[in-house]
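Residue numbers (our numbering), protein chains in the order written: chain A, 2 to 126; chain B, 110 to 379.
All C-beta atoms in this analysis are idealised placements derived from N, C-alpha and C, irrespective of residue type, glycine included.
Bear in mind that the values here come from a model prediction, so they are computed numbers and not experimental data.
What follows is a set of notes on a single structure, which appears directly below.
Right, dumping it as structure tokens:
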């Protein structure tokens, strides 16, 4: 699959840049950035059809778990694959995210190759 | 010649003919036998030649097969080497991306608070530290004081960390400019403020302006990786420059504002 649109939801500019940098490995990928859950919902209602969401958990205004929950409740957005990215390594956080409907979970510090592999599996590139 | 004589003559001729025929038959039998023997010999000769040819061919094919097997193993080994090399390059790319992003972000602003925030983000997100402190050196008092930290809950006192130049591990790192790393399994992190997992001096050339001190790594990270040391080197130089530049910029902004206010005052007074 080419020309995928990725939504990166992360409050840290460093992490957003790092993730976006990794996503450029996908041919003709379009990377849309959001600084928190509210900003992400705005971008999701924009003109670009999002193929995959990568979201941090701990963010101001609206955190990643709330975003996952709202996306899964929305009839038009509920099928978008979601990867949760967080500093938390605990099993309970992973379970919370997955229980809310996230498809995969990646812990920081992010390994680019691991991120690419996870995305490729989800989108069956 | 009487009829009787004629009959005897005929019988005699007939006997001779019979003997001759019998001799011919015997001769024919011998020839047939000889022919059969020759045919058998010829056939046997032909088969052994074929066998020899086939044996030679089998040998050739066996050699070829052995050569192919060896080549296959060689290619398999080469493939393994390529696969390993690919993984190495992949890792290297990842590391370079981390270093690029870290460097890019550090020099993306001249705001002191933002620079410190970026250093914190790098230490959390790229190094994977849970408890750490950034200390700056006060050159008037020779004291190192924490200006930003993370993980007060797992390492109490990390936010108020301070030490004097030359004292303990932190003071020695600041004085010598040599990084300090714990050379053992770092799982669980450090238990004492004066015994960190890593202490990296922030240096502009040989001039130390502060330290990054790491006490605990994130749960999913049990040791420093090769790229962490690269990041530490990068932080030692780039973070120091970025912090120093932003401090100078803030100071010059303040001075500029003061001068501007003074000038405004003079203008208004006159």
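**Study point:** Contacts that residue 192(B) makes with chain A (C-beta to C-beta distance below 7 Å)
**Key:** Numbered from 1 along the second chain, position 83 holds the residue referred to as residue 192(B). Per Cβ cutoff of 7 Å: no residues; residue 192(B) is ~13 Å from chain A at best.
Point to revise | Below-8 Å beta-carbon distance, residue 202(B) vs any chain A residue | key: Numbered from its first residue, the second chain carries residue 202(B) at position 93. Taking Cβ atoms only, chain A reaches closer than 8 Å to residue 202(B), which makes this a yes.
Practice item. Please list the partners that residue 16(A) has in chain B, where partner means a Cβ-to-Cβ separation under 8 Å. Key: Residue mapping note: residue 16(A) aligns to position 15 of the first chain, counting from 1. Under the 8 Å cutoff, chain B gives 230 and 234.
Practice item. Check each candidate in 319(B), 290(B) and 342(B) and name the one with the smallest Cα separation from residue 225(B). Key: As a position in the second chain, residue 225(B) is number 116, starting the count at 1. Checked all of 319(B), 290(B) and 342(B); the closest Cα to residue 225(B) is 319(B).
Review point. Residue 112(A) touches chain B at which residues, Cβ-Cβ below 7 Å?
Key: Taking the first residue of the first chain as 1, we reach residue 112(A) at position 111. Correct list: 203.
Practice item. Keeping to the same chain, check which residues put their C-beta closer than 8 Å to that of residue 355(B); ignore five residues upstream and five downstream. Key: Position 246 of the second chain holds residue 355(B). Excluding sequence neighbours, residue 355(B) sits near 218, 219, 220, 221, 223 and 224.
**Study point:** Host beta strand (DSSP E) of residue 326(B) (start-end)
**Key:** As a working mapping, residue 326(B) is identified with position 217 in the second chain. Where residue 326(B) is concerned, the enclosing beta strand (DSSP E) stretches over 316 to 326.
Exercise for review: Helix, strand or coil for residue 55(B), going by three-state DSSP, please let me know.
Suggested key: What the structure shows of chain B is the stretch from 110 to 379, and residue 55(B) is not part of that stretch, so it cannot be assessed.
Check your understanding: What are the residues that DSSP puts in a beta bridge with residue 255(B)?
Key -> Against the second chain, residue 255(B) aligns to sequence position 146. In the DSSP output, where bridge partners are listed per residue, residue 255(B) has 244(B).
**Study point:** 3 or more residues per run - each beta strand (DSSP E) lying fully within the stretch 179 to 238 of chain B
**Key:** none
Practice item. Indicate whether at least one CB of chain B lies closer than 8 Å to the CB of residue 121(A). Key: Taking the first chain and counting its residues from 1, the one referred to as residue 121(A) is at position 120. By this cut-off, residue 121(A) is not an interface position.
Check your understanding: Under a CB-based cut-off of 8 Å, is residue 99(A) close to chain B?
Key -> Along the first chain, read from residue 1 onward, the residue named residue 99(A) stands at position 98. No, residue 99(A) lies away from the interface with chain B (no Cβ there is under 8 Å from its Cβ).
Point to revise | Interface residues of chain A facing residue 345(B) [CB-CB closer than 9 Å] | key: Translated into the one-based positions of the second chain, residue 345(B) becomes position 236. Correct list: empty, because the minimum Cβ distance to chain A is about 18 Å.
Point to revise | Minimum C-alpha distance to residue 285(B) - residue among 271(B), 258(B), 180(B) and 315(B) | key: Stepping through the second chain from its first residue, residue 285(B) is reached at position 176. Nearest option by C-alpha distance: 315(B).
Practice item. Tell me whether residue 112(A) is buried or exposed, calling it buried when 16 or more other Cβ atoms sit within 10 Å of its Cβ. Key: Counting from 1 along the first chain, the entry for residue 112(A) is found at position 111. So residue 112(A) counts as buried.
Review point. Under a three-way DSSP split, which group does residue 110(A) fall into?
Key: The count along the first chain starts at 1 and reaches residue 110(A) at position 109. Residue 110(A) falls in the coil class under three-state DSSP.
Check your understanding: Mind checking whether residue 239(B) and residue 327(B) have CB atoms under 8 Å apart?
Key -> In the second chain, residue 239(B) corresponds to position 130, counting from 1. In the second chain, residue 327(B) corresponds to position 218, counting from 1. A contact, by the Cβ cut-off of 8 Å.
Practice item. Please look up how many angstroms separate the CB atoms of residue 309(B) and residue 346(B), rounded, as I've assumed it's under 8 Å. Key: On the second chain, position 200 is the one that residue 309(B) refers to. On the second chain, position 237 is the one that residue 346(B) refers to. Residue 309(B) to residue 346(B), Cβ: 10 Å. No contact.
Practice item. Tell me, please, whether the stretch 64 to 83 of chain A touches the stretch 101 to 121 of chain A by the rule of three or more beta-carbon pairs shorter than 8 Å. Key: yes
Review point. Between residue 68(B) and residue 205(B), is the Cβ-Cβ spacing less than 8 Å?
Key: The structure shown does not extend to residue 68(B), since chain B is modelled only from 110 through 379, so no value can be given for it.
Practice item. Please name the residue in 29(A), 123(A), 69(A) and 93(A) whose C-alpha comes closest to that of residue 42(A). Key: Here residue 42(A) refers to the residue found at position 41 when the first chain is read from its first residue. Residue 69(A) is the option with its Cα nearest to residue 42(A).
Practice item. Compare the Cα-Cα distances from residue 322(B) to each of 190(B), 258(B) and 160(B) and report the closest residue. Key: Stepping through the second chain from its first residue, residue 322(B) is reached at position 213. Here the closest residue by C-alpha is 258(B).
Point to revise | N-terminal and C-terminal residue of the alpha helix (DSSP H) that residue 283(B) is part of | key: Within the second chain, numbered from 1, the residue matching residue 283(B) stands at position 174. Taken as a continuous stretch (DSSP letters only), the alpha helix (DSSP H) holding residue 283(B) covers 277 to 285.
Review point. So residue 70(A) is in the alpha helix (DSSP H); what residue range does that whole segment cover?
Key: Along the first chain, read from residue 1 onward, the residue named residue 70(A) stands at position 69. Its alpha helix (DSSP H) spans residues 65 to 74.
Practice item. Express the C-alpha separation of residue 348(B) and residue 311(B) in angstroms, rounding to a whole number. Key: Along the second chain, read from residue 1 onward, the residue named residue 311(B) stands at position 202. Along the second chain, read from residue 1 onward, the residue named residue 348(B) stands at position 239. In a straight line, the C-alpha of residue 311(B) is about 7 Å away from that of residue 348(B).
Check your understanding: Of all the residues that make up the stretch 242 to 257 of chain B, which are near chain A by a beta-carbon distance shorter than 8 Å?
Key -> none
Review point. With distances taken from CA atoms, which of 203(B), 202(B), 230(B) and 201(B) is nearest residue 215(B)?
Key: For the purposes of this step, residue 215(B) is taken as the residue at position 106 of the second chain. Nearest of 203(B), 202(B), 230(B) and 201(B) to residue 215(B), Cα basis: 230(B).
Check your understanding: Going along chain B, which residues have a C-beta under 8 Å from residue 109(A)?
Key -> Along the first chain, one-based indexing puts residue 109(A) at 108. Per Cβ cutoff of 8 Å: 233, 234, 237 and 327.
Exercise for review: Examine chain A for any beta-carbon lying closer than 8 Å to the beta-carbon of residue 210(B), and answer yes or no.
Suggested key: One-based indexing of the second chain puts residue 210(B) at position 101. True, the Cβ-Cβ gap to chain A drops below 8 Å.
Check your understanding: Can a CB atom of chain A be found closer than 8 Å to the CB of residue 213(B)?
Key -> As a working mapping, residue 213(B) is identified with position 104 in the second chain. It does: the Cβ of residue 213(B) has a partner Cβ on chain A nearer than 8 Å.
Practice item. Below 8 Å between beta carbons is the criterion; list the residues of the stretch 21 to 47 of chain A that meet it against any residue of chain B, in chain order. Key: 22 and 23
Practice item. Report back the beta-carbon spacing between residue 16(A) and residue 64(A) to the nearest angstrom; my notes put them in contact at under 8 Å. Key: Counted from its first residue, the first chain places residue 16(A) at position 15. Counted from its first residue, the first chain places residue 64(A) at position 63. Not quite, the Cβ-Cβ distance comes to about 15 Å (not below 8 Å), so this is no contact.
Practice item. Mind listing the chain B neighbours of residue 19(A)? Cutoff is C-beta to C-beta under 8 Å, in chain order. Key: Residue 19(A) sits at position 18 when you count from the first residue of the first chain. Those are 206, 207, 210, 234 and 235, listed as they occur along chain B.
Exercise for review: Please list the partners that residue 227(B) has in chain A, where partner means a Cβ-to-Cβ separation under 7 Å.
Suggested key: As a working note, residue 227(B) is residue 118 in the second chain. Result: 15.
Check your understanding: With DSSP run on the structure shown, which of helix, strand or coil describes residue 160(B)?
Key -> If you number the second chain from 1, residue 160(B) lands on position 51. Of the three classes helix, strand and coil, the one that applies to residue 160(B) here is helix, per DSSP.
Check your understanding: Are residue 54(A) and residue 36(A) closer than 8 Å when you measure CB to CB?
Key -> Taking the first residue of the first chain as position 1, residue 54(A) is located at position 53. Taking the first residue of the first chain as position 1, residue 36(A) is located at position 35. Cβ distance not < 8 Å, so residue 54(A) and residue 36(A) don't count as in contact.
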